[in-house]
């Protein structure tokens, strides 16, 4: 079974930099695009449900005020 | 065997950065319609293998959404990505060979175009595949319409109402994440899900 539907975050950042570089050749860009397309979303949660609720509340209050 | 909950919707799609807008649209639509979004990215026991986690989530889900649009050749290896079709197959197997509860399962199969799938899973010929053209807003509408049909719930808001909340949430998300000191370009699934739940609770549909 594959580890995941994506590869590492570091590889994703390197691929993103390669794609933005105007000097990069076509083959390199193709390989970089492949790596970038497989960069996974982060798994680690940072917000509890309560913190997420407060974050949304703060945003809405700021917008309303 | 667990009882498949009629509130659980299993989401089977790619989790890479390129498909992140689509994945976010699917999760938002499911939650905004009043259902629980379930997917392999949710937190679980680290000792549980990925396939065991998938079996458990599929077993617990009455409904499922399978987006096959990222089933394509990897340019680096020249091989197709099979995870999404595999998980669709597991769900179809549970529905076909499972107990009475599992036979109640219902699926929405999405792809970019209506007939592309016939080139890589011809065995699905005759099934109703729904196209979305790769547009996240259209994905939201497709999921909403399907959930109305299969769940027969009258409490599900209109497509326009859900899209209005989706647009406002996606516009607000970068600011919310930045205010929390989080990277807007790499939001964790659990954080995204919790923020959607909070948004849906605090921003009721207007119509």
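Residue numbers (this note's numbering), protein chains in the order written: chain A, 6 to 70; chain B, 108 to 314.
Glycine is no exception: its CB is placed at the ideal position from the N, C-alpha and C atoms.
As the structure is a prediction and not an experimental result, all values here were calculated from the model.
Pairwise C-alpha distance: residue j and residue i
i, j, result
"residue 290/B", "residue 57/A", "15 Å"
"residue 170/B", "residue 70/A", "41 Å"
"residue 41/A", "residue 295/B", "At residue 41/A the pLDDT is 43, less than 50, meaning the model places this residue with poor confidence; the figure from the coordinates comes in the next sentence. Whole-angstrom Cα-Cα distance: 17 Å."
"residue 157/B", "residue 131/B", "21 Å"
"residue 45/A", "residue 218/B", "Unreliable placement is indicated for residue 45/A, whose pLDDT of 48 sits below 50; the coordinate value is still reported in the next sentence. Near 21 Å, if we compare the C-alpha coordinates of residue 218/B and residue 45/A."
"residue 253/B", "residue 215/B", "7 Å"
"residue 135/B", "residue 247/B", "8 Å"
"residue 274/B", "residue 198/B", "31 Å"
"residue 183/B", "residue 207/B", "44 Å"
"residue 112/B", "residue 236/B", "24 Å"
"residue 288/B", "residue 301/B", "16 Å"
"residue 234/B", "residue 224/B", "10 Å"
"residue 276/B", "residue 292/B", "15 Å"
"residue 285/B", "residue 267/B", "28 Å"
"residue 67/A", "residue 282/B", "11 Å"
"residue 320/B", "residue 50/A", "Residue 320/B is absent from the model: chain B starts at 108 and stops at 314."
"residue 146/B", "residue 251/B", "18 Å"
"residue 122/B", "residue 153/B", "19 Å"
"residue 336/B", "residue 186/B", "The requested residue 336/B does not occur in the structure, where chain B is confined to residues 108 to 314."
"residue 124/B", "residue 149/B", "17 Å"
"residue 297/B", "residue 241/B", "24 Å"
"residue 311/B", "residue 161/B", "32 Å"
Residue i classed as buried or exposed, judged by whether at least 16 other C-beta atoms fall within 10 angstroms
i, result
"residue 263/B", "buried"
"residue 256/B", "exposed"
"residue 222/B", "exposed"
"residue 53/A", "exposed"
"residue 260/B", "exposed"
"residue 313/B", "exposed"
"residue 232/B", "exposed"
"residue 243/B", "buried"
"residue 168/B", "buried"
"residue 265/B", "exposed"
"residue 48/B", "Only positions 108 to 314 of chain B appear in this structure, which leaves residue 48/B out of reach."
"residue 220/B", "exposed"
"residue 201/B", "buried"
"residue 258/B", "buried"
"residue 159/B", "exposed"
"residue 166/B", "buried"
"residue 278/B", "exposed"
"residue 272/B", "buried"
(message) Under 8 Å: do the stretch 61–68 of chain A and the stretch 204–216 of chain B share three or more Cβ pairs, one atom per stretch?
(response) No: the two stretches stay apart, fewer than three of their Cβ pairs being nearer than 8 Å.
(request) Taking 8 Å as the threshold, find out whether the stretch 131–141 of chain B comes into contact with the stretch 298–307 of chain B through three or more Cβ pairs. (result) In short, these stretches touch, since the Cβ pair count reaches three.
(request) Tell me the start and end of each unbroken alpha helix (DSSP H) in the stretch 174–261 of chain B that is at least 4 residues and wholly inside, in chain order. (result) Runs found: 190–204 and 243–258.
(request) Could you please tell me which residues of the stretch 271–286 of chain B, in chain order, have their CB closer than 7 Å to any CB of chain A? (result) Those residues of the stretch 271–286 of chain B that come within reach of chain A (Cβ to Cβ, closer than 7 Å) are 279, 282, 283 and 286.
(message) Does the structure place the stretch 115–132 of chain B close enough to the stretch 163–177 of chain B that three or more beta carbon pairs sit under 8 Å?
(response) Touching, yes, given that three or more Cβ pairs across the two stretches are closer than 8 Å.
(request) Please confirm if the stretch 228–235 of chain B is in contact with the stretch 180–190 of chain B, defined as three or more CB-CB distances below 8 Å between the two stretches. (result) No, the stretch 228–235 of chain B is not in contact with the stretch 180–190 of chain B.
(request) Pull out every residue of the stretch 302–314 of chain B whose Cβ sits closer than 8 Å to any Cβ of chain A, in chain order. (result) Against chain A - using a Cβ distance shorter than 8 Å - the residues of the stretch 302–314 of chain B are 302, 304, 305, 306, 308, 309 and 310.
(request) Using a Cβ-Cβ cut-off of less than 8 Å, give me the residues of the stretch 235–265 of chain B that come near chain A, in sequence order. (result) Flagged: no residues at all.
(message) Please give me, in chain order, every unbroken run of the alpha helix (DSSP H) with length at least 4 that falls completely inside the stretch 123–153 of chain B.
(response) Assignment of alpha helix (DSSP H) within the stretch 123–153 of chain B, counting only whole runs of 4 or more residues, yields 127–139 in chain order.
(request) Jot down the residue ranges of each uninterrupted alpha helix (DSSP H) in the stretch 265–312 of chain B, minimum 4 residues, whole runs only, in chain order. (result) Correct list: 266–286 and 296–309.
(message) Taking beta-carbon pairs under 9 Å, can you tell me which members of the stretch 289–301 of chain B lie near chain A?
(response) Correct list: 289, 290, 293, 294, 295, 296, 297, 298, 299, 300 and 301.
(message) If the cut-off is 9 Å on Cβ atoms, which residues from the stretch 57–70 of chain A count as contacting chain B, listed in chain order?
(response) Residues passing the 9 Å Cβ filter: 57, 58, 59, 60, 61, 62, 63, 64, 65, 67 and 68.
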